[in-house]
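Worksheet for the structure shown next.
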Amino acid sequence: MARPQPPPWVHAAVLLCLLGLGGAIEIPMDLSQPPTITKQSVKDHIVDPRDNILIECEAKGNPAPSFHWTRNSRFFNVAKDPRVSMRRRSGTLVIDFRSGGRPEEYEGEYQCFARNKFGTALSNRIRLQVSKSPLWPKENLDPVVVQEGAPLTLQCNPPPGLPSPVIFWMSSSMEPITQDKRVSQGHNGDLYFSNVMVQDMQTDYSCNARFHFTHTIQQKNPFTLKVLTTRGVSERTPSFMYPQGTASSQMVLRGMDLLLECIASGVPTPDIAWYKKGGDLPSDKAKFENFNKALRITSVSEEDSGEYFCLASNKMGSIRHTISVRVKAAPYWLDEPKNLILAPGEDGRLVCRANGNPKPTVQWMVNGEPLQSAPPNPNREVAGDTIIFRDTQISSRAVYQCNTSNEHGYLLANAFVSVLDVPPRMMSPRNQLIRVILYNRTRLDCPFFGSPIPTLRWFKNGQGSNLDGGNYHVYENGSLEIKMIRKEDQGIYTCVATNILGKAENQVRLEVKDPTRIFRMPEDQVVKRGTTVQLECRVKHDPSLKLTVSWLKDDQPLYIGNRMKKEDDSLTIFGVAERDQGSYTCVASTELDQDLAKAYLTVLGRPDRPRDLELTDLAERSVRLTWIPGDDNNSPITDYVVQFEEDQFQPGVWHDHSKFPGSVNSAVLQLSPYVNYQFRVIAVNEVGSSHPSLPSERYRTSGAPPESNPSDVKGEGTRKNNMEITWTPMNATSAFGPNLRYIVKWRRRETRETWNNATVWGSRFVVGQTPVYVPYEIRVQAENDFGKGPEPDTVIGYSGEDYPRAAPTDVKIRVLNSTAISLQWNRVYSDTVQGQLREYRAYYWRESSLLKSLWVSQKRQQAGFPGDRLRGVVSRLFPYSNYKLEMVVVNGRGDGPRSETKEFTTPEGVPSAPRRFRVRQPNLQTINLEWDHPEHPNGILTGYSLRYLPFNGTKLGKQMVENFSPNQTKFTVQRADPVSRYRFTLSARTQVGSGEAVTEESPAAPNEATPTAAYTNNQPDIVTQGWFIGLMCAIALLVLILLIVCFIKRSRGGKYPVREKKDVPLGPEDPKEEDGSFDYSDEDNKPLQASQTSLDGTIKQQESDDSLVDYGEGGEGQFNEDGSFIGQYTVKKDKEETEGNESSEATSPVNAIYSLA
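Residue numbers (the working numbering): 27 to 1183.
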C-alpha cells in the first residue's frame, strides 16, 4: 500500500495562474503593434523527397504583416517560380512537385521577413535539406574464415543517408541476430564477436539500414562464417576491439547525450565496468547499454567533462581504456530580450545575454538591418549586450534582433519596442468563479494591460486594505498567491489596475472545498492463481463535488473485464491469473483534485518451464544434465523432477527418473545400459508443477547382460491339468540390451527330476498335462544378446485345481438367539480338497415364517468361513422363521458337493418400529395419533407402548405411559393447555419385549412456534382472568348447540359415520361419503386401520363384515382376556375379496401385517 507524495491535486486556479506568470506582457490585438514571429520551421529542416516542401513562417501584428523570403541571403522572388506559392495571411512557403521538378534544386538556407509599418521581424535561418536513402554498393563477400575462440568484427559501412539510418543485423531469412555480452552491435553499426564459437556458423549475417523519411530498408549482402575448430580453445586475456589503444578523446555539446563505448575480446568473454577519474558517475543521468559495453550520460553539462575509463576483465586478467571528455556549448540564453512596451517619455532597455563555449559574440539589428547602418536615434544607446532607451517617443517604435553565435551554432531573438498611451483594461472574463481545495496553495490571476504599465492591488470582500504579505503574495504580473487556503479565505476578491490614465477592476469569487482523501487504501497482497482478491478503496470527499473512482494497473487505465467487478469502494478480481500481477492504483478524483493510493498484487503461480537442456560429461552409465530455470512466478522453486523417455519399449511415455532440490540446475544422472534416453525437467513450487521443458537431445548407452531377473514370478493353474507361469516383464532400463527374452525352468517339487526349460519372449508360459494341484519349482531368468542375467530365485507354484470331492460331515446347529446360530462340522480329508482350501461355506435360506400366512423370500444366502475351521456363526437371520442349511468345501476351482440339508427354527424376537407414525392436531384441545403395524413383527404382537410428555421451550412436563392392544392403531390425547407441545414415543411389543421406537412431536401453532418464557410463566394468571372464563363458556355453549344440531340431523335420516352402519356392509364399489365420515386412506399397501380409541382410553370393539375366523386356516380364533389375538392365521389370497373387506372396522393387526408382507 502506498500513497504518492505529495498527491497531485489539480484545480483550476493553478492553471489560470501559470498562464500569467510565464511570458512577456501581451499587447491586445486591437492595438497597434509591430510584427511578432509566432511559428517557424526548425533550423535544420529535412524533408521527404516524395512530398511537397513546406517551410513555415507565421506572424502577428497590427496592421497584419506582409512577408518576403531570402534564399542563401538573397531575395527569393516567389512570384517568378510557378512551383512556389505562399499561403494566404501567412508567410509559409509551399513548393509543389505534382507537375514535376527535383526537390534537390530547392536546397539552401531560407529566412522569412514579417513587416508592417511599425517594424520587421525575422525568422531563424532555416537550412532546407532533402532526405537521402542511397542504395548499398553491390559487392561479393567471400566467406569469413576464423579460428574458434578468435575475435571478429563484421563491418557494416552503410551508405551515407540524411538523416543517418538506423542499423540492425539479421540473417538473410530475416531472423534477428541474438546479441549478448559475447556478440553485440557497436554504435558505428559493426557487429563484434568477443570470441567466435562453432555455433556461430549456424546462420549468416546481414547488415540492414532503415531510412526514416522513406521508410525503406537497405540490406547488405550477407556474411557467411567458417569456423576452424580445435581440440581445445585456449583462454586469453582481454584486448580492446573498439576503441583502439589505451586512450582516446571525445567532444560533446552541452545538453546533448554523451555515449562512450568499449568493446573487448578475450576467452572467456570479458566483463566491462565504467569509472570516472576523481569522482563518481552521475547516477541520475548515467545508464549502461549494450551489455555494459556503452555508457550513456544524458543532457551533459560542463561538470560532466573529465576522464572516464572502462575496465575489461576476465579470469585471465584485465585492461583499461581512458577517454577524455570535453564539453563544448552552442550559445544558450542567460537573458533573452523581451518586448518593451513604453509610454511616451518613459525609459527602458533591451538586454541580450548568452553564454557558450567558446564565448559567443552578440550582434544587434533593427528591422532586419545591422544597427550600425540604421538611421541614428538620439534616444537610443548601445552598450554591448544592452540597448538603453531614454525619453522614448512614438518614432522609436521598431523590432530589434539579437543574434549571438559561436562555432557550434547561433541564437536569434526578436524584441519590439512599442510606444503607447493606453488606460488600464482587464484581459480576463469578469466575475469568475474559482473553486479551490482546502489547505492548497492557490493563485488567482488577473491579466491586465495598460501603458504606462498599471499598478495592481487586491482586495477581499470590499475591504479597504490591500492584500499583500502574510498568507498572501502579489507577483509582478498581478497574480495573487494564497499560500495555504483556509475556510475563512472563501469570498470575493477584487483586483484594481491603475495608471495615470485611469483604472480598471475585476472580481473573482473563491469557493473553498474539502479535499478528496482515500481513508482506507488498498493493501499489498500475495495470492495464489485462481483465487479471488478484493482491493479496497474508500473515499471521503466534498459532497458538492462529483466523485469518480477509477483504477490504474501499472500506471495505465485498467480494463474492467468479465473477471473483474468494480464497486464504489472496492475492486474485486475473480480467478486471479499471472497477468493480473502488478501495481493497482485507486484514483479518486473530482473536478478540482484527486487522491491516489497504490498497492501491489503479487500472484503466486506455477513456475515457468525450464529451458535450454544440455547434456555433458557423457559416460557409459551416467551423464550430466544442465538446464536454465524458468521464472518462479513469485513462489520459490522447491524441486526439479527429471523425467526420461526411451524409444524401444514405450516410445512417447515419460517416466520419473530422479528428483533434485530447487537450488540446483545441474545434476549427474545414473543410466542403464542400452537405453536411448531423452530427458525433460519439470519445476515444482508450492502452487504446482510447471509444464515440462522441451526434450533434450537423445543419448544411447552401450549394452550389457541383464543384472536382474523379472519379478513377481507365479505358477498357478488355469485348468485342472495345467500350470500357467507368469511374471512382470522387465522395462527398458533393466533390459540392458537387444532381444530381451526369458529362460523358464520348472520341475515337480521334491522329485529331484531334471529341469524342463523353454525360452519365452512374452510374460507367460503354460505347462500342460500336469497332475491336479501338485507343487512345482519354477525359475525365470532374463537373457539378451549380451548374455544371461544372474541365477534366478526358485519360486513354488501349483498346477491347476479340481472341484472338491467331499462335503463337510456331522454338521451341528445351535440356535444362539432370534437372529443368529452357531455351526460346527468335521473337516474333510486334504486329498479330497483337490486344491487350496479357501473356505467352508454355508448356504441357507428362509423356508417359511412361523406366522404362517406371511409370505417370505426363499432366496439363498451364504456365509463363508475362511481357512481350515471347524465352527462358525451365521447371523442376521429373521426371527420366528424356519430355515434350511447346507455346507460345502470351497477351493480355487469352486464348490464341492453339498452336505445333507439341516433345518432349524429361529425364536421370536422384538418387532421393528411401527410404520407411518402420524401426529395431527385438529384443534387446540385434542391431538390425534395414528400408526401402522411394524414391517417386521418378528413374532406375535402383544401390543403397543406409548410414552408422551408436554414441553414448552426447555420446560418439560410429567411423562405419561399408555399401553394398547395389538389391533389398536389410533389414540386421542386431550391437551392440558393450548400452549404446550407434546413429544410422543411409540414402540411395538412381542412376548420377547419392546422393539425399536419411533418419536414424533405435535405440530406448533403459527403463533406458538417459539413460545416465550414470559407467556409460560403467566399461563396460570390468564386462566383466572374474567375474559378467559367468559371465552371458555362461549365455546362450551357453541359446542352444545352443534351437538344438538347433529342429533336432530341424525334423527331425520342424515348421513352416518361408517362405523354406525352395522347392517349394511360397505362394498368396494360404494363411493366415499362426501361429508368426510368415510375416513380412509387410499395409499398403496396401507394397512387396515384399527379400532378407534375413546377419550377415556377404553377400546370399543368395532363391527365388521369380516370375521377373524375368515382369515384362519381351520379353527376359530382365540383371544386373551385383554383382547389380544392368540393363534396363527393366514390372509385370503383373493385380491377382490381382500379389497371388498376393507372398512373402518380394522381386523386383527397381525392379519393386516401379513397382508402387507
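Note that the Cβ used here is the ideal one computed from N, Cα and C, for glycine as well.
One alpha carbon belongs to F705, the other to A645, and they sit about 16 angstroms apart. For L446 against S477, the beta-carbon gap comes to about 4 angstroms, under 8 angstroms, which counts as contact. Annotation: the segment 564-595 contains the following complete segments of the beta strand (DSSP E) (minimum length 3 residues), in chain order: 564-566, 574-579, 590-593.
Here DSSP, grouped into helix, strand and coil, assigns F1054 to helix. When the beta-carbon positions are compared, W162 and P191 stay at least 8 angstroms from each other.
In the pairwise beta carbon analysis, the segment 221-241 is classified as not touching the segment 271-290: fewer than three pairs are separated by under 8 angstroms. Inside the segment 191-223, DSSP marks no whole alpha helix (DSSP H) run of 4 or more residues. Here H681 is exposed, its C-beta having fewer than 16 other C-beta atoms within 10 Å.
Excluding its 5 nearest sequence neighbours in each direction, D283 has C-beta neighbours in its own chain below 8 angstroms: R322, I323, T324, S325, V326, listed in chain order. Beta bridge pairing from DSSP links N659 with no other residue.
Secondary-structure assignment with DSSP links M453 through no beta bridge to anything. Put simply, the backbone Cα of C83 is about 9 angstroms away from that of F139.
Cβ contact annotation for G794 (same chain, cutoff 8 angstroms, sequence separation greater than five): N747, N748, in chain order. Of the other Cβ atoms in all chains shown, 16 or more fall within 10 Å of the Cβ of S991; this residue is therefore buried.
The residue from N393, I751, Q137 with its alpha-carbon nearest to that of N782 is I751. Between the alpha carbons of L972 and R942 lies a gap of roughly 15 angstroms.
Counting only the Cα atoms, V259 lies some 29 angstroms from P636.
For A603, the three-state secondary structure derived from DSSP is coil.
Counting other Cβ atoms within 10 Å of its Cβ, Q211 reaches 16 or more and is therefore classed as buried. Pairing V945 with P1004 gives a Cβ-Cβ distance that is not under 8 angstroms. If you check the CB distance, N78 and I121 come in under 8 angstroms. Residue state for D226 is assigned as helix, using DSSP reduced to three classes.
Taken in chain order, the complete alpha helix (DSSP H) segments of 4 or more residues contained in the segment 696-725 number zero; there are none. The C-beta of D621 has 16 or more other C-beta atoms within 10 Å across all chains shown, which makes the residue buried. When rounded, the separation of the alpha-carbon atoms in T418 and Q533 is 34 angstroms.
Taking a contact as a CB-CB distance under 8 angstroms, the pair L573 and H567 counts as one, their CB atoms being some 5 angstroms apart. Judged by their CB atoms, L470 and V538 are not nearer to each other than the 8 angstroms cut-off. By a beta-carbon distance limit of 8 angstroms, A868 does not contact A846. Their separation comes to about 13 angstroms. Using a 10 angstroms sphere on the CB of N735, the tally of other CB atoms reaches 16 or more, which defines it as buried. Scanning its chain for C-beta atoms nearer than 6 angstroms, with the 5 sequence neighbours on each side dropped, one finds around R451 the residues F475, A530, in chain order. S198 has its alpha-carbon roughly 52 angstroms from the corresponding atom of F101. In chain order, F990, A1014 place their CB closer than 6 angstroms to the CB of Y970, counting only its own chain and leaving out the 5 sequence neighbours on each side.
Distance from the CA of T744 to the CA of S825, rounded to the nearest whole angstrom, comes to 8 angstroms. Taking 8 angstroms as the cut-off, the beta carbon of R346 is found no closer than this to the beta carbon of L360. Judged by their CB atoms, W484 and L459 are not nearer to each other than the 8 angstroms cut-off.
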